[in-house]
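S.K.: Line order of the protein sequences matches chains A and B. Add 112 to a position in the first sequence, counting from 1, and you land on the number used in our numbering. Add 112 to a position in the second sequence, counting from 1, and you land on the number used in our numbering. Take this structure first; my questions come after.
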Amino acid sequence: MSGSGEGMELTQERVDGLVVGDDHHASRPVVGHRERVERAEPAAVFDIADLSVSYGDFRALRDVSLSIREHEITALIGPSGCGKTTFLRCLNRMNDLIEDARIEGQVRYHGVDLYDPRVDPVEVRRRIGMVFQKPNPFPKSIYDNVAFGPRIAGFDGDLEELVERSLRRAALWDEVKDKLKESGLALSGGQQQRLCIARAIATRPDVILMDEPCSALDPIATQRIEDLMQELIEDYTIIIVTHNMQQAARVSDRTAFFTVEVDEANGQRTGVVVEVAQTHAIFTNPSDERTEAYVTGRFG
Amino acid sequence: MADAAALGPARGTIDLVLRGRTRDVRGRLFQGALLMTLLVSLGVLLVLLWTTWNAAQPVFAERGLGFVSSDTSSLSSRAGVHQGLVGSLILVAFVAAVALPLGIAAAIYLQEYARDTRANRLLVTNIRNLAGVPSIVYGILGLVVFVQALRGLTGPDSYGRSFISGGLTLAVLVMPIVILISMESLRAVPAGIREAAYGVGATRWEVIRSHVLPYAAPGMFTGMILALARAFGETAPLLLVGAVTGYLNTPGGRNPLEVLQGQYTSLPTLIFSWAREPGEDWKAMTAAAIVVLLVAILAVNAIAIVLRNRYERKW
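Right, dumping it as structure tokens:
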């Protein structure tokens with residue numbers, strides 16, 4: 113179902129987007145037609161409107177509205193506790209796993225409201241993959257790590273070929289091709305994280321969410337992941353949470369700056385979005401002084 | 113040259129600082145105290161084993177394995193633990209068949225499916241308390257429920273004093289242990305593994321089946337081993353639910369249901385009744401039966417541990 117073929121030439125031509133069928137209930141975007149796009153702005157994958165998230169009485173995020181564009185890397189930056197990760201986890205309904213999480217507002221994915229009661233969160237997570245802060249391969253073989261997702265999705269094609277393709281795509285194949293039966297935990301941290309990326313790719317999603325994917329890695333491993341993101345962006349849309357502003361500046365096309373607002377009355381700390389713009393604008397010419405204070409290192 | 117001269121005294125000071133200080137005295141004392149407690153408890157155990165073995169030794173020397181293969185008898189020279197051993201093995205198998213599936217299923221439900229409500233927390237707290245209830249209380253429960261109320265099912269011809277009554281009583285007794293240890297192992301599964309599995313689009317069942325249970329299995333096995341060893345050694349509840357302590361007909365030529373509904377005995381109850389007999393000969397018999405019980409429990413545990421390790425090695 114992936115709308116983008118392997119080895120697609122990077123030309124002016126871009127996939128216009130996965131268009132959702134008329135049948136709302138199907139909620140499974142179908143492959144749209146390609147068309148020559150000359151317009152400046154790529155299509156939106158996510159349209160988020162007035163999103164608020166609470167855990168019990170604690171409101172973690174308030175009134176977030178922003179769009180995520182196709183085939184772009186969007187970086188989410190901001191100080192600790194500003195709700196970046198909470199926001200990211202709303203995009204593939206991972207917050208469903210937290211019992212007392214309450215989500216208000218709208219998250220539209222290719223036009224479909226992800227929190228529509230008829231939407232199946234399992235299907236959402238197949239289309240919107242995730243890479244976590246700490247590399248978390250399954251304690252199984254490298255092969256099984258990658259094959260698990262397709263298997264449970266009922267993939268009936270050539271699984272070995274899919275595993276190889278995913279590992280190649282994650283720039284890990286050459287390092288592991290002779291030890292696919294060995295445990296994924298035997299790899300180095302950087303390799304484990306690339307294995308996790310391969311695992312996320314294997315279910316053929318169109319968005320990959322990355323929650324500080326390099327925070328546990330050394331600079332060389334980080335470099336490899338960043339290079340990989342630049343390659344993957346041809347086929348995927350990537351949203352990355354990062355604490356590292358240099359990383360946001362290096363890899364992303366657009367950046368959203370989150371911050372924490374403290375309620376004077378009760379001391380509650382709530383995350384809000386201050387500014388979303390082209391990355392170079394955020395870093396060179398921010399329109400909000402809080403953004404400027406953060407990116408210049410005067411705060412946070 | 114002046115530099116080298118200056119280094120001399122400085123080096124001496126460093127030497128003093130690094131090596132002159134008294135060692136971590138309290139740490140060493142603590143370590144010593146810990147070692148002592150370990151040695152004391154091991155020593156008690158060894159003395160116990162040694163005296164038991166010494167007392168039992170004449171019986172084994174005289175009768176060898178005949179002691180294990182003979183039936184109960186009122187004559188100490190002819191009595192053996194055969195029925196007790198077989199009875200205990202049947203009991204433990206029955207307990208395993210009842211308590212393990214129920215206990216594990218309850219643990220999976222409580223840990224993975226039940227919401228964190230006040231009622232559920234109360235439920236878990238109660239299970240925790242049940243694990244600490246004295247076993248004689250379970251014996252009374254077994255007497256009232258399994259022996260008397262359910263006599264028609266548990267043993268119509270044995271006045272309810274059957275393998276089924278004893279086994280169910282022991283199953284109820286060990287179930288809290290199985291549930292609690294299984295829940296503990298499930299809780300210890302790293303959140304990262306669950307998230308990773310959900311993240312690639314697994315349903316809750318797929319996450320539990322493919323990742324959570326395999327990861328928790330070794331810990332759950334440990335709980336099962338502990339529970340079955342406990343069931344093997346329990347005496348008090350079995351006395352209440354009517355394990356036979358005297359003469360018992362040898363089961364033979366009966367179908368499994370008849371055996372389960374029939375009279376029974378177990379090794380611990382046999383030991384209990386022999387211990388009350390007067391005379392040096394029965395003392396030795398008691399000690400010998402204890403040795404058989406210990407060996408049987410060790411064997412059951414060893415089998416379970418081998419199974420667990422085999423499962424662990426798979427990944």
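Glycine included, every Cβ here is placed at the ideal spot set by N, Cα and C.
1. If the criterion is Cβ atoms closer than 8 Å, does the pair residue 185 of chain A and residue 394 of chain A meet it?
2. Quick test of your reading: residue 203 of chain A and residue 158 of chain A, contact by CB under 8 Å. State the CB separation rounded to the nearest angstrom.
3. Closer than 7 Å to a non-hydrogen atom of the ligand COA - does that hold for the CB of residue 174 of chain A?
4. Can you tell me whether residue 212 of chain A is helix, strand or coil according to DSSP?
5. Report the rounded CA-to-CA distance for residue 237 of chain B versus residue 211 of chain A, giving the unit in angstroms.
6. Is residue 175 of chain A helix, strand or coil by DSSP?
7. Kindly list the residues whose CB is nearer than 7 Å to the CB of residue 180 of chain B, restricted to its own chain and excluding five residues on each side of it in sequence; keep chain order.
8. If you follow the alpha helix (DSSP H) that residue 295 of chain B is in, where does it begin and where does it stop?
9. Can you pull the chain B neighbours of residue 197 of chain A, defined as C-beta to C-beta under 7 Å?
10. Could you pull out every residue in the same chain whose Cβ sits closer than 6 Å to the Cβ of residue 249 of chain B, ignoring the five residues on either side in sequence?
11. Using a C-beta to C-beta distance shorter than 9 Å, which residues of chain B count as neighbours of residue 376 of chain A?
12. Cβ of residue 359 of chain A within 8 Å of Cβ of residue 338 of chain A?
13. Kindly indicate if chain B contains any beta-carbon less than 8 Å away from that of residue 242 of chain A.
14. Residues in the segment 301-335 of chain A with C-beta within 8 Å of chain B's C-beta atoms, listed in sequence order?
15. Go to residue 110 of chain A, then tell me how far its alpha helix (DSSP H) extends in each direction, as first and last residue.
16. Cβ of residue 207 of chain B less than 8 Å from any chain A Cβ?
17. Given a cut-off of 8 Å, decide if residue 234 of chain A and residue 226 of chain A are closer than it, judged by their beta-carbon atoms.
18. Between the beta-carbon of residue 412 of chain B and the beta-carbon of residue 204 of chain B, is there less than 8 Å?
19. Here's the rule I'm using: 16 or more other beta-carbon atoms within 10 Å means buried, otherwise exposed. How should residue 71 of chain B be labelled?
20. Count the other C-beta atoms from every protein chain shown that fall within 10 angstroms of the C-beta of residue 302 of chain B, then say buried if there are 16 or more, exposed otherwise.
21. Excluding the five sequence neighbours on either side, which residues of its own chain have a C-beta within less than 6 Å of the C-beta of residue 337 of chain B, listed in chain order?
22. Please tell me whether residue 398 of chain A has its Cβ less than 8 Å away from any Cβ of chain B.
23. Who are the near neighbours of residue 111 of chain A in its chain, counting only those whose CB is closer than 6 Å to its CB and skipping five residues on each side?
24. Residue 341 of chain A: buried (16+ other C-beta within 10 angstroms of its C-beta) or exposed?
25. Give the range of the alpha helix (DSSP H) segment to which residue 371 of chain B is assigned.
26. Mapping the DSSP letters down to three states, classify residue 294 of chain A as helix, strand or coil.
27. Run through chain A and tell me which residues come within less than 7 Å of residue 224 of chain B, C-beta to C-beta.
28. Considering just the uninterrupted stretch of the beta strand (DSSP E) at residue 383 of chain A, what are its terminal residues?
29. By Cβ distance, which residues of its chain are closer than 7 Å to residue 403 of chain A, with the 5 residues on each side in sequence left out?
30. Hey, residue 352 of chain B and residue 262 of chain B are a contact pair by Cβ (cut 8 Å); roughly how many whole angstroms apart?
31. Measuring alpha carbon to alpha carbon, tell me which residue in B:232, B:209, B:207 is nearest residue 219 of chain B.
32. Any idea which residues DSSP pairs residue 372 of chain A with across the strands?
M.R.: Considering the structure as presented:
1. no
2. 6 Å
3. In the structure shown, the ligand COA is absent, as is every other ligand, since no ligand is present at all.
4. coil
5. 20 Å
6. strand
7. 192, 193, 194, 197, 404
8. 275-299
9. By Cβ distance, chain B contributes nothing, its closest Cβ being about 12 Å from residue 197 of chain A, past 7 Å.
10. none
11. Chain B residues near residue 376 of chain A: none, gap ~32 Å exceeds 9 Å.
12. yes
13. yes
14. 308, 311, 312, 314, 315
15. Because chain A here runs from 113 to 412, residue 110 of chain A falls outside it and cannot be looked at.
16. no
17. no
18. yes
19. The first residue shown for chain B is 113 and the last is 427, placing residue 71 of chain B beyond what the model contains.
20. exposed
21. 413, 416
22. no
23. No information on residue 111 of chain A is available, as it lies outside the stretch 113 to 412 that chain A covers here.
24. buried
25. 368-373
26. coil
27. Neighbours of residue 224 of chain B on chain A: none; closest Cβ ~12 Å, over 7 Å.
28. 381-390
29. 369, 386, 387, 394
30. Contact flag wrong, Cβ pair sits at about 15 Å.
31. B:232
32. A:383
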